[in-house]
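*Asks:*
Following this line, the structure appears as structure tokens:
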């Protein structure tokens, strides 16, 4: 267990996503420390504990597909970190991280990862779903890698629950308790089975506590949405001008996409817009109607940017 505070300033991340950066643990190179980015959505204290228990269960059930987790916590200044087992990256995964750090097109790296994984990536995804975590899987290609032994790993931790978007006064579990218990019952090692059962019971207690507290706590903690809506609209509006959308939609090939500074700028802005929308729905008193209108604008930009597949920019997805 790491007892001292981790300082990431000045360190080169091993991997990076929209919400987190991962660093090699300076005290133990067999482990990594994932740090939530500034401005990204944070777990509640119970969610953070629940993330630890649920990921620990998943690892014990699938030790050759889910990296171990050692601790999850939050510093006094609000930085959330998770300590996990370090899994070696394939050449394609390393290339993907290089592209992300330099804000370059990722499609070449994505195709390389798919070739490296073969059909094993889908098998791992299905296996995770079979133990009751189907709603918890982020199939972003960067969440998978293969170690030297040829085992494919899913690298994300498992969020235990989230606020129901349809009814914000309710929580939605991101695990199927019945399927999870069935998978645990199938463990032959009695000590491991007992440990998983203990983790699950602790997880369920946290979930019930969070559900009881949610309505009054959520209403009291929600902040006024108006300033954040204005900030988000200021980010989106410049990209929704007819001239800009038309220009983005004329990009048809991967080569044209690489040459387009306009697309690079729009792609970077789209990531920030997506993060801001998540903040609005989870942390502010925005109505569903206002949120849907903003999200429709994001989707318009998303289609204009398009998705690169086999050298072609697809604007219809």
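In my numbering, the protein residues as written are 2 to 318.
Ideal Cβ positions, reconstructed from N, Cα and C, are used throughout, including at glycine.
This one's a predicted model, so the numbers in the text were calculated from it and none came from an experiment.
Report the residue from 181, 214 and 258 whose alpha carbon sits nearest the alpha carbon of residue 47.
*Replies:* One-based indexing of the chain shown puts residue 47 at position 46. It is 214 whose Cα lies nearest to the Cα of residue 47.
*Asks:* Report buried or exposed for residue 119, applying the criterion of at least 16 other Cβ atoms within 10 angstroms of its Cβ.
*Replies:* By 1-based counting over the chain shown, the position of residue 119 is 118. Per the 10 Å Cβ criterion, exposed.
*Asks:* What are the uninterrupted segments assigned as alpha helix (DSSP H) that are 4 or more residues long and contained completely in the region 141-211, given in chain order?
*Replies:* Within the region 141-211, the complete alpha helix (DSSP H) runs of at least 4 residues are 178-186.
*Asks:* Is the CB-CB distance between residue 70 and residue 50 below 9 Å?
*Replies:* Reading the chain shown from its first residue, position 69 is the one you call residue 70. Reading the chain shown from its first residue, position 49 is the one you call residue 50. Going by C-beta atoms, residue 70 is not nearer than 9 Å to residue 50.
*Asks:* State the CB to CB distance for the pair residue 259 and residue 106, rounded to an integer number of angstroms; the pair is presumed to be in contact (CB under 8 Å).
*Replies:* Mapped onto the chain shown, residue 259 falls at position 258. Mapped onto the chain shown, residue 106 falls at position 105. With 8 Å as the limit, residue 259 and residue 106 qualify as a contact, their Cβ atoms being about 6 Å apart.
*Asks:* Please state whether DSSP places residue 21 in a helix, a strand or coil.
*Replies:* The residue labelled residue 21 in the question sits at position 20 within the chain shown. Here residue 21 sits in strand by DSSP.
*Asks:* Nearest by alpha-carbon distance to residue 176: which of 88, 132 and 266 is it?
*Replies:* Residue numbering aside, residue 176 sits at position 175 when the chain shown is read from its first letter. It is 132.
*Asks:* Exposed or buried, which one is residue 247 when buried takes at least 16 other CB atoms within 10 Å?
*Replies:* Against the chain shown, residue 247 aligns to sequence position 246. Classification for residue 247: exposed.
*Asks:* How many angstroms separate the CA atom of residue 68 from the CA atom of residue 85?
*Replies:* The residue labelled residue 68 in the question sits at position 67 within the chain shown. The residue labelled residue 85 in the question sits at position 84 within the chain shown. Near 7 Å, if we compare the C-alpha coordinates of residue 85 and residue 68.
*Asks:* Strictly under 9 Å for the Cβ-Cβ distance: is residue 60 near chain C by that measure?
*Replies:* No chain C is present in this structure, which holds just one protein chain.
*Asks:* Residue 316 and residue 280: beta carbons closer than 9 Å?
*Replies:* Locating residue 316 in the chain shown gives position 315, where the first residue counts as 1. Locating residue 280 in the chain shown gives position 279, where the first residue counts as 1. Contact: no.
*Asks:* Taking C-alpha atoms, which residue in 188, 225 and 44 lies nearest to residue 74?
*Replies:* Indexing the chain shown from 1 puts residue 74 at position 73. For residue 74, the nearest C-alpha among the options comes from 44.
*Asks:* Where do the ends of the beta strand (DSSP E) carrying residue 1 lie?
*Replies:* This structure cannot speak to residue 1, because the chain is shown only from 2 to 318.
*Asks:* Between the region 186-197 and the region 21-35, can you find at least three pairs of beta-carbon atoms closer than 8 Å?
*Replies:* Counting Cβ pairs under 8 Å, fewer than three are found: no touch.
*Asks:* Considering Cα atoms alone, identify which of 110, 202 and 128 is closest to residue 310.
*Replies:* Numbered from its first residue, the chain shown carries residue 310 at position 309. Here the closest residue by C-alpha is 110.
*Asks:* Quick one: Cα of residue 27 to Cα of residue 83, how far?
*Replies:* Along the chain shown, read from residue 1 onward, the residue named residue 27 stands at position 26. Along the chain shown, read from residue 1 onward, the residue named residue 83 stands at position 82. Computed Cα separation, rounded: 14 Å.
*Asks:* Give the DSSP-derived three-state secondary structure of residue 310 in the structure shown.
*Replies:* Translated into the one-based positions of the chain shown, residue 310 becomes position 309. In this structure, residue 310 counts as strand in the three-state DSSP scheme.
*Asks:* Does DSSP put residue 31 in a helix, a strand or coil?
*Replies:* Locating residue 31 in the chain shown gives position 30, counting from the first residue. Residue state, collapsed to three classes: coil.
*Asks:* Report, in whole angstroms, the separation of the C-beta atoms of residue 52 and residue 87, which I expect to be a contact under 8 Å.
*Replies:* Taking the first residue of the chain shown as position 1, residue 52 is located at position 51. Taking the first residue of the chain shown as position 1, residue 87 is located at position 86. Rounded, the Cβ-Cβ distance is 18 Å, inconsistent with contact.
*Asks:* Where in the region 47-104 do unbroken runs of the beta strand (DSSP E), each at least 3 residues long, occur, reported from the N-terminal end onward?
*Replies:* Within the region 47-104, the complete beta strand (DSSP E) runs of at least 3 residues are 70-75 and 81-86.
*Asks:* So which of 155, 104 and 136 has the shortest CA-CA distance to residue 122?
*Replies:* Taking the first residue of the chain shown as 1, we reach residue 122 at position 121. Measuring from the Cα of residue 122, the nearest candidate turns out to be 155.
*Asks:* Looking at the unbroken alpha helix (DSSP H) that takes in residue 281, where does it start and where does it end?
*Replies:* Walking along the chain shown from the start, residue 281 turns up at place 280. That run of the alpha helix (DSSP H) goes 262-284.
*Asks:* What distance in whole Å lies between the Cβ atoms of residue 42 and residue 283, which are believed to be in contact at a cut-off of 8 Å?
*Replies:* Locating residue 283 in the chain shown gives position 282, counting from the first residue. Locating residue 42 in the chain shown gives position 41, counting from the first residue. Indeed they touch by this definition, with Cβ atoms about 6 Å apart.
*Asks:* Within its chain, find whatever has a CB closer than 7 Å to the CB of residue 55; leave out the 5 residues flanking it on each side and keep chain order.
*Replies:* Residue numbering aside, residue 55 sits at position 54 when the chain shown is read from its first letter. Closer than 7 Å at Cβ, skipping near neighbours: 159, 161, 176 and 204.
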